[in-house]
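Per my numbering, residue 3 is the first one in the sequence shown, and the count goes up by one each step. Read through the structure below, which is laid out as structure tokens, and then see the notes.
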Amino acid sequence: MIKIISFVIFLLFVGQVFGQQVKCGFDAGKNIRERHYVDSLIFEGTNRILLNRDIIVIPVVFHVVWHETDENIEDEIIVSQLNTINADFSGANNDIEKVPAEFSTTVGRAEIKFCLASTDPFGNPTSGTTRTHTDKNEIGLTKDIYYSSSGGYDAWDPDKYLNIWIANTGSFLSGISSYPGEPIKEESGIIINPKFAGINKSKKYGLGRVLTHELGHFLGLKHLWGDDNNCDTDDDIEDTPLQRGPYINCPSYPQSGCSESEMFMNFMDYVDDPCMYFFTKGQVQRMLTTIMLFRQSLINGNTQCDIKNNVGVKLVFYPNPSSDVFMADIAHRSDILMQYEVFNISGFRIKYGTEIVNRRFNLDLSDFPSGVYFVRIESEVYRLVKM
Ligand SMILES: [Zn+2]
Numbered sequence: 003m004i005k006i007i008s009f010v011i012f013l014l015f016v017g018q019v020f021g022q023q024v025k026c027g028f029d030a031g032k033n034i035r036e037r038h039y040v041d042s043l044i045f046e047g048t049n050r051i052l053l054n055r056d057i058i059v060i061p062v063v064f065h066v067v068w069h070e071t072d073e074n075i076e077d078e079i080i081v082s083q084l085n086t087i088n089a090d091f092s093g094a095n096n097d098i099e100k101v102p103a104e105f106s107t108t109v110g111r112a113e114i115k116f117c118l119a120s121t122d123p124f125g126n127p128t129s130g131t132t133r134t135h136t137d138k139n140e141i142g143l144t145k146d147i148y149y150s151s152s153g154g155y156d157a158w159d160p161d162k163y164l165n166i167w168i169a170n171t172g173s174f175l176s177g178i179s180s181y182p183g184e185p186i187k188e189e190s191g192i193i194i195n196p197k198f199a200g201i202n203k204s205k206k207y208g209l210g211r212v213l214t215h216e217l218g219h220f221l222g223l224k225h226l227w228g229d230d231n232n233c234d235t236d237d238d239i240e241d242t243p244l245q246r247g248p249y250i251n252c253p254s255y256p257q258s259g260c261s262e263s264e265m266f267m268n269f270m271d272y273v274d275d276p277c278m279y280f281f282t283k284g285q286v287q288r289m290l291t292t293i294m295l296f297r298q299s300l301i302n303g304n305t306q307c308d309i310k311n312n313v314g315v316k317l318v319f320y321p322n323p324s325s326d327v328f329m330a331d332i333a334h335r336s337d338i339l340m341q342y343e344v345f346n347i348s349g350f351r352i353k354y355g356t357e358i359v360n361r362r363f364n365l366d367l368s369d370f371p372s373g374v375y376f377v378r379i380e381s382e383v384y385r386l387v388k389m
């Protein structure tokens, strides 16, 4: 009970400081001592883990726990939420071009894909969404959200699923995430306010990036200003400049403070959704390290997802491997406009374009050296091996 009360008090405090709905309650709910231990493990591990790897797939379940009818958000909103995080975590978001030139070399592509769970913990088919009515208003503001017996909804095995609760978090808080090494397994995951889920009507947080930001925390990222509001405390990421505290709203560029030019347009700041565009390479490396150290069981659980349940175009590339041109058969029988992007193993985009295709798609990689490539079509990713 004491824990629940202190959680609420912390969150109210956050709201008072900003006087408006803030992006995240991470600083408010922090337990610095626990985090420091986790941070030291991540910090030690960071340089030992290779960037070269396959796309990482994390199965997700959304628990919609609603009190008022409009909190019971529609499936389309959830799909749009999934699309936002998949774009943001692979650098496929349309606004990534807005990253100022001075930071363009730091842009990282996490190549992490989130899929809706298609099998529930009992082995039954699922849409990857649960829906529960609760008698409690603003249940997302308390730990009751984590427990069915308290009017919330019990997590699905957090070792196999990333649990995301969509529940009213009151008028100050938009979302909050647990941090790696969380002491209570049942409370591992993220809570976001239904008002800010997916593509929505909010002017501030209307693009679904409250969840992008919270996923950053879930995967071990801190805010750009670190754990304290001064110019000495870092976020343990080398390619993000030091910063004293959050930027809010949509600042004009550039802004100086602790650093000559600060990176307020990073996903781990507090700016409005349309004003944040990217993670850095250093942040990506830290997220990958966190996954290897703390979240590995999640990525081993890909069988929780059935790719057919996910939005996007389905292709089969062949022959694979091939020496130059790959062919693909596409499930659509009529013409569709298809955007594609090809990445090399280091995550650099080497080719992209738009084509109108009808059942057959050719991809010419004859100009590129042998190796492993990834092709992204809409939200799906395919692995190609060039001989
Ligand atoms: Zn945050």
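Glycine is no exception: its CB is placed at the ideal position from the N, C-alpha and C atoms. Just so you know, these numbers come straight off a predicted model, no measurement behind them.
*Own chain residues within Cβ distance below 8 Å of lysine 100, not counting five before or after*: Cβ neighbours of lysine 100 within its own chain (closer than 8 Å, five residues either side excluded): Met267 and Tyr279.
*Looking at the structure shown, is aspartate 137 part of a helix, part of a strand, or coil, going by DSSP?*
Coil, per DSSP.
*asked:* Could you check if lysine 206 belongs to the surroundings of ligand 1, using beta carbon to heavy atom distance under 7 Å?
replied: no
*Does the segment 160-168 come close enough to the segment 180-198 to have 3 or more Cβ pairs within less than 8 Å?*
yes
*Are tyrosine 272 and valine 24 touching if we call contact CB-CB under 8 Å?*
yes
*Answer yes if the segment 222-234 comes into contact with the segment 281-293, meaning at least three C-beta pairs across the two stretches below 8 Å, and no otherwise.*
Counting Cβ pairs under 8 Å, three or more are found: they touch.
*Ordered along the chain, which non-local residues of its own chain (more than five positions away) have a Cβ less than 7 Å from that of serine 372?*
Same-chain partners within the cutoff: Lys388 and Met389.
*Roughly how many whole angstroms lie between the Cα atoms of phenylalanine 370 and valine 66?*
46 Å
*Check each candidate in Phe363, Asp275, Gly172 and Leu213 and name the one with the smallest Cα separation from histidine 69.*
Minimum Cα distance to histidine 69 is reached at Gly172.
*Reducing DSSP to helix, strand and coil, say where histidine 225 ends up.*
coil
_Whole-number beta carbon distance between aspartate 41 and phenylalanine 269, since they are thought to touch under 8 Å_ = Between aspartate 41 and phenylalanine 269 the Cβ distance is about 19 Å, and since that is not below 8 Å, they are no contact.
*Out of Cys277, Asp275 and Asp234, state which residue places its alpha-carbon closest to the alpha-carbon of glycine 1.*
This structure cannot settle anything about residue 1, because the visible part of the chain is limited to 3 through 389.
_Continuous alpha helix (DSSP H) assignments of at least 4 residues falling wholly in the segment 197-267_ = Along the length of the segment 197-267, whole alpha helix (DSSP H) runs at least 4 residues long occupy 211-220, reported in chain order.
_Residue from Gln285, Phe363 and Asp237 whose Cα sits closest to the Cα of arginine 37_ = Asp237
_Minimum length 4: unbroken alpha helix (DSSP H) runs contained in the segment 49-107_ = Fully enclosed alpha helix (DSSP H) runs of 4 or longer: 77-90.
*Apart from the five residues on each side of it in sequence, which residues of its chain come closer than 7 Å, Cβ to Cβ, to proline 160?*
Lys187, Ser190 and Gly191
*Say whether chain B places a C-beta atom closer than 8 Å to the C-beta of serine 325.*
Checking the listed chains, one finds no chain B in this structure; it contains a single protein chain.
_Backbone CA spacing between aspartate 274 and glycine 208 [nearest angstrom]_ = 9 Å
_6 Å Cβ shell around arginine 378 - same chain, five flanking residues per side excluded_ = Contacts found: Glu343.
*asked:* Could you check whether the Cβ of cysteine 277 sits closer than 7 Å to any heavy atom belonging to ligand 1?
replied: no
*Where do the ends of the beta strand (DSSP E) carrying glycine 373 lie?*
373-379
*asked:* Any heavy atom of ligand 1 inside 7 Å of the beta-carbon of phenylalanine 28?
replied: yes
*Consult DSSP for methionine 270 and reduce its assignment to one of helix, strand or coil.*
In the displayed model, methionine 270 falls within coil according to three-state DSSP, outside both helix and strand.
_Residues near histidine 135 by beta carbon distance below 7 Å, same chain, minus five either side_ = Trp68
*So what's glycine 142 in DSSP terms, helix, strand or just coil?*
helix
*Between the segment 80-90 and the segment 144-157, do at least 3 Cβ pairs fall closer than 8 Å?*
no
*DSSP beta-bridge partners of alanine 119*: Cys307
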